[in-house]
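Below is one structure, written out as structure tokens; the observations come after it.
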Amino acid sequence: MDVERFAMLVGERLRRPRRNERRSRGERLADALASLVRSGDLLADTRLPSERALGTALGMSRGTVASALDQLAADGLVERRHGSGTYVRPVTATGPPADGPEPIFSRWIREGTVVVDLAKSVVPDASLLPRLDLTVEDLLDVHPADGYGLLGETRLRELLAERIAPPGYGPGRLLVVAGAQQALHLTADTLLAPGDRDRVLVEQVTYPGLLAAVERFGGVPVIVPGDRYGWSPDAFADAVERHRPAFAFTMPVHNPTGAVAADRRVRALAAVARESGTLLVEDRSLADLVLTDGPPPPVPSAAAYAPEHTVCLGSLSKSMWGGLRVGWIAAHEPVFARFVQAKRRTDLATSALDQRLAIALLADPGAAERRDAWRRDLRVRRDHLAALLAEHLPDWSWSLPAGGMSLWVRLPGADGEAFADAARRHGVAVSPGAVFGPPGGTAAADRIRLSFGWPEPVLSEGVEMLTAAWAEHRSRR
């Protein structure tokens, strides 16, 4: 593995020091490296870069790197081979990682054999994409020619500003990133100041990728109570006054609930943000997926009411295809410049080939028609899954989502994580609600999320397995 790629992986895991933290840089580096080994990001027998090269790439002394590698060797995670270098040793799973209990996010995803995967809220395949008459020369016609355009391709940013991002953000205020998950990590990296301004306001259930990013960069999620449509303005105002957060995270089309925010609610929250100086981070990854019978209304944005206090982000993965790793961040100055610097620290530029493909897809004359067709398919599949659950699992409850790609289901008197384990034994994967619950929250314990993005035969097979799993689970309670 080249040293630049390795340093990027380490940098993503390297926690910022908290105020008054006494752990050395070497100890924090050792934790980051150990996390990469235990997670499988560094495979057995991978040769690590030299101490000198890694120290230069990370801005650390050779002694600091050597100290970290010595600690990993003592823990049995790497092997120091004289005259050859440092190599990753095979990991023996003898217990949870040293830096805390194993996340259920990791545990349930690898147990059992999955036949139907209702855990993944994804576009099932690339069939939504048109056949494009593109040559290699078309894909390589990038600007600048070296492929290192930090902000992203100008034409792509123009198309995003015109067709995807909320009004008010021109191409010069859009940053192209490698998917919404990178956008969330850049958000945490940019806005959090651990030990000082480290609080992040979140809903009772929220996107787990946001929670992971906040944790990685030393933040502390703070739950603000609300209803199924989000925070009440009064509760939000109280939380802002009490916690003075680094930012507040919202999703106008919510994951996992599928609720779509009302304009009056968004306007009221934006007013609180504007008056208090709080930054709203608005994840619009599902904004294209409002499942109305006719043309969907515009999804409201706080940027319309508090533009200087709103950062918007999103991705093309839910409306086009997950393999297209293109996302975006929109913000005004001075915050925008900070995001650009965070991107520079992370990976210098988003894949030029992905960007060229995204340009072709967004500019294609049939793009809007294909999005409409995908929404129609999702609505049919949502209704199909809901009808199956009503017939075969009538004691489960849910609200039919107005948007998104999943049902947020309550299990009567049952633990969502335990049932997810049972379901996997029957060949179907579901997302346990606890994955979406911030630390200290209990609102998601009896929930599961079921994706309805799959074709109807797949959904039917999945419900058959869920029915058998539920019968087994109830018999053991």
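Quick note on my numbering: the sequence shown kicks off at 795 and runs consecutively.
Don't be surprised by glycine CBs; every beta carbon is placed ideally from N, CA and C.
With residue i and residue j assumed to form a contact (beta carbons below 8 Å), what rounded beta-carbon distance in angstroms separates them?
{"i": "A1143", "j": "G973", "result": "That pair is no contact at about 14 Å."}
{"i": "A1120", "j": "L945", "result": "It is Val, not Ala, that sits at residue 1120 in the sequence shown. Between L945 and V1120 the Cβ distance is about 13 Å, and since that is not below 8 Å, they are no contact."}
{"i": "L1187", "j": "T1261", "result": "6 Å"}
{"i": "L954", "j": "W1122", "result": "5 Å"}
{"i": "K1112", "j": "V917", "result": "7 Å"}
{"i": "R874", "j": "A867", "result": "5 Å"}
{"i": "T1140", "j": "M802", "result": "7 Å"}
{"i": "R1150", "j": "G1108", "result": "Going by Cβ atoms, the distance from R1150 to G1108 rounds to 19 Å, so no, they are not a contact pair."}
{"i": "L986", "j": "G1013", "result": "5 Å"}
{"i": "A1097", "j": "P960", "result": "5 Å"}
{"i": "F1230", "j": "P1002", "result": "6 Å"}
{"i": "A1124", "j": "L934", "result": "The pair is not a contact, with the Cβ atoms about 27 Å apart (cut-off 8 Å)."}
{"i": "V804", "j": "A826", "result": "5 Å"}
The beta strand (DSSP E) spanning residue i covers which residue range?
{"i": "R883", "result": "Neither: R883 is in no beta strand (DSSP E) and is coded neither H nor E."}
{"i": "T1261", "result": "First-last for T1261: E1250 to R1270, but that is the alpha helix (DSSP H), not the beta strand (DSSP E)."}
{"i": "E873", "result": "V872 to R875"}
{"i": "G1108", "result": "T1104 to S1109"}
{"i": "A1124", "result": "G1121 to A1124"}
{"i": "L968", "result": "L968 to V971"}
{"i": "L1244", "result": "R1241 to S1245"}
{"i": "L995", "result": "R993 to V996"}
{"i": "R1204", "result": "S1200 to R1204"}
{"i": "V1016", "result": "V1014 to I1017"}
So residue i is in the alpha helix (DSSP H); what residue range does that whole segment cover?
{"i": "I1290", "result": "Only positions 795 to 1271 of the chain appear in the structure, and residue 1290 is not among them; the question remains open."}
{"i": "G1210", "result": "G1210 to R1219"}
{"i": "P1002", "result": "P1002 to R1010"}
{"i": "R846", "result": "E845 to L852"}
{"i": "R1138", "result": "V1129 to T1140"}
{"i": "V1174", "result": "A1161 to H1186"}
{"i": "S878", "result": "Unbroken run through S878: none, as it is neither H nor E."}
{"i": "V1093", "result": "Careful: V1093 lies outside any alpha helix (DSSP H) and carries neither H nor E."}
{"i": "R856", "result": "R856 to A868"}
If you drop the 5 nearest sequence neighbours on each side, which residues of the same chain put their C-beta closer than 7 Å to that of residue i?
{"i": "A1228", "result": "I898, G1210, E1211, A1238 and A1239"}
{"i": "R1022", "result": "T1051, A1053 and S1193"}
{"i": "A1184", "result": "none"}
{"i": "L923", "result": "M1114, W1115 and L1155"}
{"i": "A1152", "result": "L950, L1110, L1118 and V1120"}
{"i": "A1081", "result": "P1046, V1047, V1093 and G1108"}
{"i": "P965", "result": "T948, R951, E952 and A955"}
{"i": "H937", "result": "G943, E947 and T948"}
{"i": "D1148", "result": "L1118, R1119 and V1120"}
{"i": "S855", "result": "G849"}
{"i": "G1126", "result": "Checking the sequence, you will find His at residue 1126 rather than Gly. Contacts found: R967, P1101 and E1102."}
{"i": "E1255", "result": "V910"}
With a CB to CB cut of under 8 Å and the five nearest residues on each side skipped, what residues in its chain are close to residue i?
{"i": "R761", "result": "The question about residue 761 has no answer here: the residues shown for the chain are numbered 795 through 1271."}
{"i": "T858", "result": "S818, R819, G820, L823 and G849"}
{"i": "L837", "result": "V882"}
{"i": "V1278", "result": "Residue coverage of the chain in this structure runs from 795 to 1271, which leaves residue 1278 outside it and unanswerable."}
{"i": "F800", "result": "L842, P843, L848 and A851"}
{"i": "G962", "result": "A1097, A1098 and P1101"}
{"i": "L1172", "result": "L1083, L1085, M1199, F1246 and G1247"}
Counting only the same chain and skipping the five closest in sequence on each side, list residues whose C-beta sits under 6 Å from that of residue i.
{"i": "V1284", "result": "This structure cannot speak to residue 1284, because the chain is shown only from 795 to 1271."}
{"i": "D1158", "result": "P924"}
{"i": "L842", "result": "T880"}
{"i": "H1267", "result": "F1213 and A1216"}
{"i": "S1225", "result": "A913 and R1243"}
{"i": "R991", "result": "A1040"}
{"i": "P1090", "result": "V1084"}
{"i": "D751", "result": "Absent from the model: residue 751. The displayed extent of the chain is 795 to 1271, so no value can be given."}
{"i": "R977", "result": "Sequence inspection shows Ala at residue 977; the Arg mentioned does not correspond to that position. V971, L1107, G1121 and I1123, listed in sequence order."}
Quiz item: Where in the segment 1019–1086 do unbroken runs of the beta strand (DSSP E), each at least 3 residues long, occur, reported from the N-terminal end onward?
Solution: Within the segment 1019–1086, complete beta strand (DSSP E) segments of at least 3 residues are found at 1041–1044 and 1074–1077, given in chain order.
Quiz item: Given 8 Å as the limit, is there contact between the segment 1045–1057 and the segment 1180–1200, that is, 3 or more CB pairs closer than that?
Solution: At 8 Å Cβ cutoff, the stretches touch.
Quiz prompt | the segment 1206–1219 contacting the segment 1069–1077, beta-carbon criterion three pairs below 8 Å | solution = With the cut-off at 8 Å, the segment 1206–1219 and the segment 1069–1077 do not touch.
Quiz item: Is there contact between the segment 1008–1025 and the segment 1242–1257, where contact requires at least three CB pairs shorter than 8 Å?
Solution: Because the criterion of three Cβ pairs below 8 Å is not met, the segment 1008–1025 and the segment 1242–1257 do not touch.
Quiz item: Is the segment 1251–1258 close to the segment 1024–1041, with three or more CB pairs under 8 Å?
Solution: Too few Cβ pairs lie closer than 8 Å, so no.
Self-check item: Every unbroken alpha helix (DSSP H) within the segment 904–960, with a cutoff of 4 residues, ordered by chain
Solution: Taken in chain order, the complete alpha helix (DSSP H) segments of 4 residues or longer contained in the segment 904–960 are 930–933 and 948–957.
Quiz item: Touching or not, the segment 975–994 and the segment 1006–1016, by the rule of three or more beta carbon pairs under 8 Å?
Solution: Contact check between the segment 975–994 and the segment 1006–1016: three or more CB pairs, one atom from each, fall below 8 Å, which counts as touching.
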